[in-house]
Amino acid sequence: MLTDAIIDFFDLAEAEGRLLKKKVVETLVVALLVSMAAAMLLTGLGLILTSLYHALANVLPPSVVFLLMAILSILMAGGILWVAIKLNRRQ
Numbered sequence: 066m067l068t069d070a071i072i073d074f075f076d077l078a079e080a081e082g083r084l085l086k087k088k089v090v091e092t093l094v095v096a097l098l099v100s101m102a103a104a105m106l107l108t109g110l111g112l113i114l115t116s117l118y119h120a121l122a123n124v125l126p127p128s129v130v131f132l133l134m135a136i137l138s139i140l141m142a143g144g145i146l147w148v149a150i151k152l153n154r155r156q
């Protein structure tokens, strides 16, 4: 009777350990994918700013182009921060 309870306890512990391992791996995969997506998003935003800078540099003086790029960068950073705050409040 006692040995059956001990064996059942260790079987349960083993099953829970397997489930924990599976969930940890799934969580790490999701975290890696989110990190990759964030890096790609930031790279894309940087490329957009660079291409806009080069397009405007042909039309406007450099000081005006730098000012516009700074304002656009601040707005983009604010937008990303706003999304992060909204996502954090949902949890």
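If you're matching positions, the sequence shown starts at 66 in our numbering and goes up one per residue. All C-beta atoms in this analysis are idealised placements derived from N, C-alpha and C, irrespective of residue type, glycine included. In this text, all values refer to a predicted model and were calculated from it rather than measured experimentally.
Hey, would you say residue i sits closer than 8 Å to residue j, going by beta carbons?
| i | j | result |
| --- | --- | --- |
| L114 | S138 | yes |
| L110 | M141 | yes |
| Y118 | V99 | no |
Can you give the Cα-Cα distance for residue i and residue j, rounded to whole angstroms?
| i | j | result |
| --- | --- | --- |
| A135 | G82 | 51 Å |
| P126 | L133 | 11 Å |
| L84 | I72 | 18 Å |
| R154 | V90 | 26 Å |
| I145 | S116 | 20 Å |
| field | Whole runs of the beta strand (DSSP E) within the region 81-129, excluding any shorter than 3 residues | value | none
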